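Novice: Just passing along the structure, written as structure tokens.
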Amino acid sequence: MTYRIPGLLVFCLGLSSAGAGCTVADDGGASLGGPPRSTLGAGTGTATSVMDDMDLTGGSLVPYMDAVQAVYTNGLSAEALTRNALITNLRANRAMVMLPLATETYADDSEHEELLEHAWRLDPELLRYRLRHKETREVMGYLVSCALEQGQSVSYTDTRTGKTYEFPGEIGICPHWNEQGVHEGPAGAKCRQLITACLLALVNPTGRRITVSLRGQAFPNHRPGLLSPGPSVRVGTTTEDDAAIPSFGSCKSDTRGLSRNCGWTAEHVGTCSPGSTVTLGARGTPVDECDHRLPVAPGRSDDDTILRVCDGIHGCNAGSPAHVAQTEVRCSDRSEPALRFECPSSGYFSVMSGPLMSRRASGAPGKDGAPAPRKLAGFSVASRPPTAGPMPIGAGIVVEPAPFQPAVYPAQEADIFGWREGAFYGNFWTETNPLHEKLTPEMNEVDEEGNLYPAPRSGAVVFRHAFACTGEHWDDEIAYQKDRLCAGGDEDEDCVAHSVGACGDSYNITNCPPLHQCDLEDGGLVEGDGDFQECAGDGGTWLHPITSFLNDPVDVVRRPWLPVPGMPTPGGSGTSPLLPLCP
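With mature numbering (1 follows the signal peptide of the UniProt record, and there is no 0) applied, the sequence shown corresponds to residues -20 to -1, 1 to 563, in that order.
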């Protein structure tokens, strides 16, 4: 089955899973939401099988533990990346990689005599006041997030106003940049290329923060598993408009019940076959012999665990469109009810948990009478196929439902982010001029008041050595480049990268792009994660790309999705072997 979005070709697929029918998982790790970030948690899990009177399908089990996730939110505007006082100012561009990515480097009174010693003989006070410019601070936030790790940060105090801005490290690709420059040696070159790829992958022209999975090969000895898909994904606690979801906030007074919109904890994301019936229970007891005729148990304790299920990969409030209708059921050998719900059309569900009674929070969690964060022993899940058969959509066309796959909870990151968007690579910081010829050294300067004196729009790609190639699903590389990588109007767009064609194969048989821009479709560091490696650009081969995977391909472009009428929403990962590829 085929769907079209301008610039994209996508396919209706069954969920890719490891065949898990029931998974029991320990709690741990942080939730997704807010600025780009990764999560490092700890925990181990066990798995049990489930069988009950519903003929629930499952039996092959997936053990689970929280680990480094490669999931982040992209929201860096193309406008900021193409017009800022650091990377797109030629003098600052050269200086910033010679110095540590640290607070003292960008202070209003900073002075770096070592800049005079370089062949470029840069002004020691060159980097003063640059973070007074709002869009430059936006770029700095993403730069620090890509380069530094949790626990590291850069801060800037505007001495005019006394206001301080904090830029926390999150992904941690080059944490050594916090101590020294990255302008020299093989490690410096690799760092600059990986940070370039990270920033490109986190550009989003829609003004929203979209969750993406980033995969590549960082410095494996520094942090094994970095930029590799993890065994689970935490539920998002903010919307794609970067608004906090109230249900994850503290309750202002003691509040009881399933419908409250406060006092909830973000759990994990699961996968299921759309239309299938899913039963989910907290703690490790299997959800077998469940009776839907007994939805409420008398005398429930205020400390009993309650659950909420939401459509997609983010949490939700009660009554919101994403809130999945659910019924509490009683299951044998379980002290607390389980939930039964119909799998949403997206094929993804997010789980929230909390006590039946959420107490008023009067201090930090676990202190001053405030409740400590709840830790659950695990979850059990089971599912049965949908009862709906083939669906007629007119003109004699009948749509067969996607093959049933058992529900998996928590689902693996690779199964939640299955749409391979493409690869990003290059270098924003090269010995030769890295910027378009129209950008002279005097352009994109900032004064002491924080006013930027921008370069005129180039109407082209601002960075000479930045590239993007597309995954196999895009059907119009030009439309993709404009929507994903450019800022400004149609006639004077500034773009952040050159679109070079398809990274590997392409299903766009009506207008085949240049193919196989990357020599490897799956880098060898983590087998099967689908990261492109050794990609072409500017007559050479770039060794440090980052590949972006999406949960929903419409997230990173500005045009609406136009599915074929009557078709269900695709879910999961993989490609269809029946559809032809470009020759």
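Don't be surprised by glycine CBs; every beta carbon is placed ideally from N, CA and C. Every value quoted in this text rests on a predicted model; they were computed, and no experiment measured them.
On the criterion of 16 or more Cβ atoms from any shown chain inside 10 Å, does Ala60 qualify as buried, or is it exposed?
Specialist: Buried is the call here.
Novice: Note the first and the last residue of the continuous beta strand (DSSP E) segment covering Ile286.
Specialist: Unbroken beta strand (DSSP E) run through Ile286: Thr285 to Asp291.
Novice: Is the Cβ-Cβ distance between Val213 and Val480 less than 9 Å?
Specialist: For Val213 and Val480, no; Cβs fall outside 9 Å.
Novice: Out of Arg437, Cys483 and Lys418, state which residue places its alpha-carbon closest to the alpha-carbon of Cys449.
Specialist: The shortest Cα separation from Cys449 among Arg437, Cys483 and Lys418 belongs to Cys483.
Novice: Please report the straight-line C-alpha distance between Ala517 and Gly121, rounded to a whole angstrom.
Specialist: The identity of residue 517 in the sequence shown is Gly, whereas the question assumes Ala. When rounded, the distance between both Cα atoms is 27 Å.
Novice: CB-CB under 7 Å to Ser233, same chain, minus the five flanking residues each way: which ones, in chain order?
Specialist: Cβ within range, chain order: Arg340.
Novice: What residue range is occupied by the uninterrupted alpha helix (DSSP H) comprising Val249?
Specialist: From DSSP, Val249 is part of no alpha helix (DSSP H) but of the beta strand (DSSP E) over Thr245 to Thr251.
Novice: Taking buried to mean at least 16 other C-beta atoms within 10 Å of its own C-beta, is Ser326 buried or exposed?
Specialist: Per the 10 Å Cβ criterion, buried.
Novice: For the beta strand (DSSP E) holding Ile526, just list the boundary residues, first then last.
Specialist: Note, Ile526: beta strand (DSSP E), Ile526 to Leu530.
Novice: So, is His98 buried or exposed, given that buried needs 16 or more other C-beta atoms within 10 angstroms?
Specialist: The residue in question, His98, is exposed, as its Cβ has fewer than 16 Cβ neighbours within 10 Å.
Novice: For the stretch 296 to 315 against the stretch 222 to 240, are there 3 or more C-beta pairs whose distance is under 8 Å?
Specialist: These segments touch.
Novice: Along the alpha helix (DSSP H) that carries Asn73, what are the first and last residues, could you check?
Specialist: Taken as a continuous stretch (DSSP letters only), the alpha helix (DSSP H) holding Asn73 covers Leu70 to Met76.
Novice: Name the DSSP bridge partner or partners of Cys270?
Specialist: The partner list for Cys270 (beta bridge, DSSP) reads Cys311.
Novice: Among Gln497, Leu123, Thr265 and Gly292, which has the Cα closest to the Cα of Val77?
Specialist: For the residues Gln497, Leu123, Thr265 and Gly292, the minimum Cα distance to Val77 belongs to Leu123.
Novice: Out of Tyr109, Arg112 and His92, which one is the CA nearest neighbour of Gln160?
Specialist: The option with the nearest alpha carbon to Gln160 is His92.
Novice: Report the residue ranges of all alpha helix (DSSP H) runs contained in full by the stretch 208 to 241; include only those spanning at least 4 residues, in chain order.
Specialist: Counting whole runs of 4 or more residues, the stretch 208 to 241 contains no alpha helix (DSSP H) stretch at all.
Novice: Under DSSP, the alpha helix (DSSP H) around Pro166 begins and ends at which residues?
Specialist: Where Pro166 is concerned, the enclosing alpha helix (DSSP H) stretches over Gly165 to Ala181.
Novice: Indicate whether Cys323 and Pro317 have their beta-carbon atoms separated by less than 9 Å.
Specialist: No, the pair does not count as a contact, with Cβ atoms beyond the cut-off.
Novice: Compare the beta carbon distance of Leu107 and Arg101 with 9 Å and say whether it is the shorter of the two.
Specialist: Contact: no.
Novice: Under 9 Å between the Cβ atoms of Gly196 and Asp472?
Specialist: The answer is no: Cβ separation not under 9 Å.
Novice: Going by Cα to Cα distance, which pick from Arg203, Ala65 and Ser193 is closest to Cys154?
Specialist: Checked all of Arg203, Ala65 and Ser193; the closest Cα to Cys154 is Arg203.
Novice: Three-state secondary structure (DSSP) at Leu96?
Specialist: It is helical.
Novice: Given a cut-off of 9 Å, decide if Phe443 and Gly402 are closer than it, judged by their beta-carbon atoms.
Specialist: No, these two residues do not count as a Cβ contact at 9 Å.
Novice: In angstroms with no decimal places, state the Cα-to-Cα distance between Gly216 and Val289.
Specialist: Answer to the nearest angstrom: the Cα atoms are 13 Å apart.
Novice: Assign Asp138 to one of three DSSP states: helix, strand, or coil.
Specialist: Three-state result, Asp138: coil.
Novice: How would you label Pro560, buried or exposed, when you count the other beta carbons within 10 angstroms and need 16 or more for buried?
Specialist: That one is exposed.
Novice: Which whole runs of the alpha helix (DSSP H) in the stretch 444 to 523 are 4 residues long or more, in chain order?
Specialist: The qualifying runs are 457 to 465.
Novice: If we call anything under 9 Å between Cβ atoms a contact, is Leu336 one with Thr285?
Specialist: Cβ atoms of Leu336 and Thr285: closer than 9 Å.
Novice: Could you check what DSSP says for Met423 in three-state terms: helix, strand or coil?
Specialist: In this structure, Met423 counts as coil in the three-state DSSP scheme.
Novice: Hey, could you find the ends of the alpha helix (DSSP H) Ile396 is sitting in?
Specialist: Counting along the chain, the alpha helix (DSSP H) containing Ile396 begins and ends at Glu393 to Ile396.
Novice: Measure the C-alpha to C-alpha separation of Gly358 and Gln130 and round it to an integer number of angstroms.
Specialist: Cα to Cα, the separation comes out at about 27 Å.
Novice: Pro148 bridges to which residues according to DSSP?
Specialist: Ser133, per the DSSP bridge assignment.
Novice: State the DSSP-derived secondary structure class of Leu128, mapped to helix, strand or coil.
Specialist: Three-state DSSP puts Leu128 in coil, outside helix and strand.
Novice: Roughly how many angstroms lie between the CA atoms of Cys492 and Gln461, to the nearest whole one?
Specialist: Cα-Cα distance, rounded: 16 Å.
Novice: Determine which residues share a DSSP beta bridge with Asn54 and list them.
Specialist: BP columns for Asn54 point to Ile190.
Novice: Within the present structure, is the beta-carbon of Asn64 separated from the nearest heavy atom of the ligand MN by less than 8 Å?
Specialist: Absence of the ligand MN from the depicted structure is noted, as is the absence of any ligand whatsoever, leaving it without description.
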